[in-house]
Amino acid sequence: MGRSLQQLVALLSDLQAKPVDLYLHQQGIDTTTAAGKATFQMCGVFAEFERAMIRERIRAGIERARAQGKTLGRPRTPEIVEECIRAARRQGKGIKKIAAELGIGVSTVQRAVHGAAPNPAP
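In this note's numbering, each residue's number is its place in the sequence shown (first place is 1) plus 1038.
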């Protein structure tokens, strides 16, 4: 029914939003009974726990990478590209046109034009 516990719980939430119950014969789950509802509530608890564990592992991995001195996030735009952007802007070209000519994103052009530093990786 779902690829993960979270998908299964989301499906049940959608079904409960409509007055629909779920009956799974082979699994012995029937949400019209108190035991069936309790089983699905436990699934919700386990899905939340699973998500919390994933979040902890991700944070630990990021901290480990930082401790090893690894650079996180996307690489900065090369200075020569930023200078080309500023030169094109001084010539009166529009931001979208500059982005199209250089094959880069509009937000990259805007950052270079306005001199904003990119957001550091968390």
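Ideal placement from N, C-alpha and C gives every residue a C-beta, glycine not left out. Every value quoted in this text rests on a predicted model; they were computed, and no experiment measured them.
Closest to E1120 by C-alpha separation, out of I1096, G1143 and V1151, would be which residue? Ranking I1096, G1143 and V1151 by Cα distance to E1120 puts V1151 first.
Rounded C-alpha distance that separates Q1045 from R1128: So the two alpha carbons sit approximately 52 Å from each other.
Ranges of the alpha helix (DSSP H) found wholly within the segment 1111-1151, counting only runs of at least 4: 1117-1128 and 1133-1140, all fully within the segment 1111-1151.
Cβ atoms of L1060 and G1074: under 9 Å apart, would you say? Yes. Within cutoff.
Tell me which residue opens and which closes the alpha helix (DSSP H) that Q1165 is part of. There is simply no residue 1165 to check, as the chain begins at 1039 and stops at 1160 in what is shown.
Going straight from the alpha carbon of R1114 to that of A1137, what length do you get? Cα to Cα, the separation comes out at about 16 Å.
Could you tell me the distance, in whole angstroms, from the CA atom of E1139 to the CA atom of G1111? A direct Cα-Cα distance of roughly 25 Å separates E1139 from G1111.
Short of 7 Å in beta carbon distance, which residues of its chain neighbour Q1148, apart from the five on each side in sequence? Order them along the chain. Beyond the five residues adjoining it in sequence on each side, Q1148 comes within less than 7 Å, by CB distance, of I1133 in the same chain, given in chain order.
Here's the rule I'm using: 16 or more other beta-carbon atoms within 10 Å means buried, otherwise exposed. How should V1058 be labelled? With fewer than 16 Cβ atoms within 10 Å of its Cβ, V1058 is classed as exposed.
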